[in-house]
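The sequence shown stops at residue 1563 when you use my numbering, and every number in between is there.
Every residue gets a Cβ at the ideal spot worked out from N, C-alpha and C, and that includes glycine.
All figures in this text were calculated on a predicted structure; none of them were measured in a lab.
Working notes for the structure below.
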Amino acid sequence: MNKVIGILLVIFIMGCKEKNKNQEVDSDPLSGTEMETPKASNEEWSVLFDGSSFDSWHFYNGGDIEEPWKLEDGAMTFYPPAERQEGVSYNIVTDKEYTNFVLSLEWKISEGGNSGIFWGVAEDEKFGQPYLTGPEIQVLDDEAHPDAKNGTTHQAGALYDMIAPSEKVVKAAGEWNQVELMVNHETNSGHVILNGKKIVEFPVHGPDWDAMVANSKFADWEGFGAYTTGKIGLQDHGDIVSYRNIKIKEL
1313 MNKVIGILLV IFIMGCKEKN KNQEVDSDPL SGTEMETPKA SNEEWSVLFD GSSFDSWHFY
1373 NGGDIEEPWK LEDGAMTFYP PAERQEGVSY NIVTDKEYTN FVLSLEWKIS EGGNSGIFWG
1433 VAEDEKFGQP YLTGPEIQVL DDEAHPDAKN GTTHQAGALY DMIAPSEKVV KAAGEWNQVE
1493 LMVNHETNSG HVILNGKKIV EFPVHGPDWD AMVANSKFAD WEGFGAYTTG KIGLQDHGDI
1553 VSYRNIKIKE L
């Protein structure tokens, strides 16, 4: 009799464990199927440049990237040509367009150098340069380039000619700087984090954005800042500049 009771007790305990196990499985009550486990946050990033190729990029209004851009030590580096045909620029843009995103990259500028990071770039033959449509985050040697003397909205990390950095955290020419650019039209917010410090915050559309543009050099530029969805661009400003570890997370 005791043996029978023992067997029944074991069966009862095993049944309870199996029931609890089934209750722990996340499921869709409508379909009866198991739900996928959310992906880890680092899987949300897409690599735009891994140091080995120019895949994901091309010349603005042009074709595949070649000289004067080069791949060196895991970075893409621009070397201004000794002779340049009049009107020819070597700006590069992403193959894909983006609306809401976080862009992360590192940049290194040469002594006295100037470059920039654009977003919202419209690629069209009627626009000869990315800066005609894309707002710019300034890349600059603040110590030696004369544009740094034209006001704080022209200094490294600034939303060019509109919002100045709240503090000076840029590293010297020849050193790597890490930057994060966030643009979110859903929340109407953008920011720049340079070397771990949030130094710029701004709206990305609406009356406040329009007021910033109206008070800048871009006030009468047709199409400037007008494209909610556009490409990411890196600028040929005639100086040596390097970029690496470029990735983007769409929001």
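Cα separation between residue i and residue j?
| i | j | result |
| --- | --- | --- |
| VAL1451 | ILE1421 | 7 Å |
| GLU1378 | PHE1390 | 10 Å |
| ALA1476 | LEU1506 | 13 Å |
| ASN1489 | GLU1418 | 5 Å |
| GLU1435 | PHE1371 | 10 Å |
| LYS1510 | ALA1394 | 38 Å |
| ILE1544 | PRO1447 | 10 Å |
| HIS1517 | LEU1471 | 14 Å |
| GLN1467 | SER1364 | 31 Å |
| ALA1485 | TRP1521 | 31 Å |
| VAL1553 | TRP1381 | 10 Å |
| LEU1383 | PHE1366 | 8 Å |
| ASN1426 | ASP1551 | 6 Å |
Cβ of residue i versus every heavy atom of the ligand MG: is any distance shorter than 7 Å?
| i | result |
| --- | --- |
| ILE1544 | The ligand MG is not part of the structure shown, which contains no ligands of any sort. |
Would the beta-carbon of residue i fall within 8 Å of that of residue j?
| i | j | result |
| --- | --- | --- |
| VAL1491 | GLY1502 | no |
| VAL1400 | GLY1542 | no |
| ILE1449 | GLY1424 | no |
| ALA1387 | TYR1555 | yes |
| VAL1504 | LEU1493 | yes |
| GLN1547 | PHE1439 | no |
| ASP1473 | SER1528 | yes |
| LEU1444 | PHE1536 | yes |
| HIS1497 | ASN1373 | no |
Using DSSP's beta-bridge definition, name the partner residues of residue i.
| i | result |
| --- | --- |
| GLY1545 | VAL1405, PHE1430 |
| GLN1450 | GLY1428 |
Touching or not, the stretch 1399 to 1408 and the stretch 1532 to 1540, by the rule of three or more beta carbon pairs under 8 Å? In short, these stretches do not touch, since the Cβ pair count stays below three.
Complete alpha helix (DSSP H) runs within the stretch 1496 to 1536 (minimum length 4 residues, chain order): Here the runs fully enclosed are 1518 to 1526.
Please confirm if the stretch 1553 to 1561 is in contact with the stretch 1354 to 1373, defined as three or more CB-CB distances below 8 Å between the two stretches. Touching, per the Cβ criterion.
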